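Going by our numbering, the letters in the sequence shown line up with residues 14 to 290, in that order.
Contents: one structure, followed by commentary.
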Amino acid sequence: MTTTTTTPEPRSYSSPLPTPRPHLGHALASEWTKLVSIRSTLFTLGALVVTVVGVGLAVVSQTSDENYVSISFTTPALFGLLVGQLAVMVLGVLTITSEHGTGLVRTTFTAAPDRYRVLTAKYLVFSATAFVATSLSVFVVGITAALAHGGAAAGPHAAHEWFGALMGCFYVTLLGVLALAIGALVRHSAGAIAVMLGVVTLPPVIGAMLTMWEAVAPLSRSILQRNVPVALSQLFGIEEGGDLGQAPSNLSHLLLIVLVAGGAVAASYVLVGRRDV
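Structure, rendered in structure tokens:
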């Protein structure tokens, strides 16, 4: 007599916990948690605020009402921001390279297989954080200057001066976005930071060297008119003159950094999607 045994059908498992479908909001929350949990964020943003506000207030204390006839109230913040922008770029690099250095990026991409969503969240969280920190620091200096030297001797001041400073903060934020993109491409903190230092410091040097050859004079003039220090100075109300001719518009400076940063961001999406990690 043959006995036939039947295997019971496996029962489907249903988790008692809610399992919502992952979306960009979850990635944003994760990236924000990571950003505020590491010491480098505190150090870099702290260095940015201390540099911009400290140097800016020192400049304000050494100026008088008459000095603001030709400059805006936010111009003193420029001197600190020219150094503080380095902190924004370093934070942009570390936002992604720190995960590659520790191996946490493997855990991140395992928990969130949609790499484009993760990268988008990094860009959004970093951009918002950098822009808010930079803008608040600049406007603290600008408001202090307006309160201390806003007398009749300072002359009239229009709202577009504050808008120019806001565009300057946006410019620095885009430099940080470019740094994040370079970090995604290079995956090495020191290498990406070195690239960004070259982006900021080399164009003025190269432009000055090219002035020795008359054949490339137009190229030299274009480089000297369109680099990071010149763009920030112009956005903060310091007009460039001299032998370089008419200065480019503020819009052209912003368009250039948008194109450069946008190209690097697009390349980062392509490579991050194709790599193993």
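Quick reminder that beta carbons are idealized off the backbone N, C-alpha and C, glycines included.
Note that this is a predicted model, so its numbers are computed, not measured.
The beta carbons of T108 and F139 sit about 5 Å from each other, so the pair counts as a contact at 8 Å.
Below 8 Å, too few C-beta pairs join the stretch 153-161 and the stretch 231-242 to call them touching: fewer than three. Burial is judged here by how many other beta carbons sit within 10 angstroms of a residue's own beta carbon; Y129 has fewer than 16 and is exposed. In this structure the stretch 229-238 does not touch the stretch 103-118; the number of beta carbon pairs closer than 8 Å is below three.
Its Cα nearest to that of A274, the residue V185 stands out among S150, V185, A100 and L237.
Leaving aside the five residues that flank G286 on each side, the residues in its chain whose CB is nearer than 8 Å to its CB run, in chain order, R128 and Y129.
Annotated as distal: A221 and A205, with beta-carbon spacing of 8 Å or more. Taking 8 Å as the upper bound for CB-CB distance, T110 and V151 are not in contact here, some 27 Å apart. Rounded to the nearest whole angstrom, the C-alpha separation of S148 and C182 is 6 Å. If only complete runs of 4 or more residues are kept, the stretch 206-239 shows the alpha helix (DSSP H) at 230-238, in order along the chain. For E79, same chain residues with a beta-carbon under 6 Å away, outside a window of 5 residues either side, are A166 in chain order.
Within the same chain, no residue comes within 7 Å of A279 by CB-CB distance, once the 5 residues on both sides are set aside. Note on S262: under 16 other CB atoms within 10 angstroms of its CB, so exposed under the neighbour-count rule. Secondary structure of I195 (DSSP, three-state): helix. In this model, V82 and F249 are separated by some 14 Å (Cα to Cα). In this structure, the beta-carbon distance from R200 to H113 falls below 8 Å. Per the coordinates, the alpha-carbon of G189 lies some 19 Å from the alpha-carbon of V283. Here T147 carries a helix assignment [DSSP, helix/strand/coil].
Around the beta carbon of L55, a 10 Å sphere encloses fewer than 16 other beta carbons of the protein chains shown; the residue is thus reported as exposed.
By the Cβ neighbour-count rule, Q98 is buried, with 16 or more other Cβ atoms within 10 Å of its own. Judged by beta-carbon spacing, V106 lies beyond the 8 Å limit of I219, meaning their Cβ atoms are not closer than that value. In this structure, V96 is the residue among W45, V96 and L48 with its C-alpha nearest to the C-alpha of L61. By the neighbour-count definition (other C-beta atoms within 10 Å, threshold 16), T64 is a buried residue. Residue burial annotation: V103 is buried, with at least 16 other C-beta atoms found within 10 angstroms of its C-beta.
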